[in-house]
Amino acid sequence: TRLGQSSPFAPMTLPSATPSFLEPILTDAFDREPSLLVMAKGLGLHIVLQRLVEANSGPEHLVFLLNTTKEDEKQLLEQCAARGVVAPAIINNECPAQERMELYLSGGVLAVTLRILVVDLLCDRVPTAQATGIVVANAHRVTEGGNLAFILRIFRQLNRTAFIKALSDDPPALTKGFA
């Protein structure tokens, strides 16, 4: 189905290669409720991110992957290629506005830089009503006054039903400012 046509959120079956301790985490990650997943470094957060991408890679979904580093994107593209999964499109300043609009309408998972998404949201280029979710990588780097927080506020005003998932593998960084 194409973006905008009704399609149920497809449940994902967990591959046998998934470490057993990740199975309950992945089950929780795939519910439609907003959530923050915090894991210690080295416990497989990249697997959770990859499975979220895999589950939402079809054209019936429109999921924004935000706050990724170049290293995250490289690793994710390699994992998708190894598993035969459609990799997320990378949208940055090298992608013209018309091409971005076409990518938004084609659905799937889109790794978008924050500056580009802010501009596209403000210029009404993003079909927010059709978006099924946002995945925030490196959630420990989100600040209240930053572009990502601004994007999430605008997005939530325009779409109350899409999921928002935030992922972090740096628990100590999340405690800063609470002392």
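This note's numbering puts the first residue of the sequence shown at 1301, with every later residue one more than the last.
Glycine included, each C-beta is placed from N, C-alpha and C at the ideal position.
- Per DSSP, reduced to three states, the secondary structure at Leu1414 is helical.
- DSSP lists Gly1433 as the bridge partner or partners of Phe1463.
- For a cut-off of 8 angstroms, the C-beta gap from Val1409 to Val1353 is around 5 angstroms, short enough to register as a contact.
- Per DSSP, Phe1455 has no beta bridge partner at all.
- Taking C-beta atoms as the reference points, Ala1466 and Ala1449 fail to come closer than 8 angstroms.
- Judged by DSSP secondary structure, Leu1362 falls within the beta strand (DSSP E) whose first and last residues are Leu1362 to Leu1366.
- Rounded to the nearest whole angstrom, the C-alpha separation of Asn1459 and Ile1451 is 12 angstroms.
- Here Asn1356 is not near Val1348, since their CB atoms are 8 angstroms or more apart.
- Ser1406 sits in a helix when the DSSP states are folded into three classes.
- Around the beta carbon of Thr1369, fewer than 16 other beta carbons sit within 10 angstroms, so the residue counts as exposed.
- For Val1348, the uninterrupted alpha helix (DSSP H) segment begins and ends at Leu1345 to Ala1355.
- Distance from the CA atom of Leu1403 to the CA atom of Gly1358, rounded to whole angstroms, is 12 angstroms.
- As computed with DSSP, Ile1391 is found in a beta bridge with Val1412.
- Of the candidates Val1412, Phe1463 and Ala1382, the residue whose Cα lies closest to the Cα of Pro1396 is Val1412.
- DSSP places Val1442 outside both helix and strand once states are collapsed to three, so it counts as coil.
- Within the same chain, Cβ atoms closer than 7 angstroms to the Cβ of Asp1420 are found at Arg1400 and Val1426, the five residues on either side in sequence being excluded.
- About 5 angstroms separates the beta carbon of Leu1377 from that of Ala1387, a gap short enough to meet the 8 angstroms contact definition.
- For a cut-off of 8 angstroms, the C-beta gap from Asn1447 to Val1418 is around 5 angstroms, short enough to register as a contact.
- By the neighbour-count criterion, in which 16 or more other beta carbons inside 10 Å mark a residue as buried, Gly1445 falls on the exposed side.
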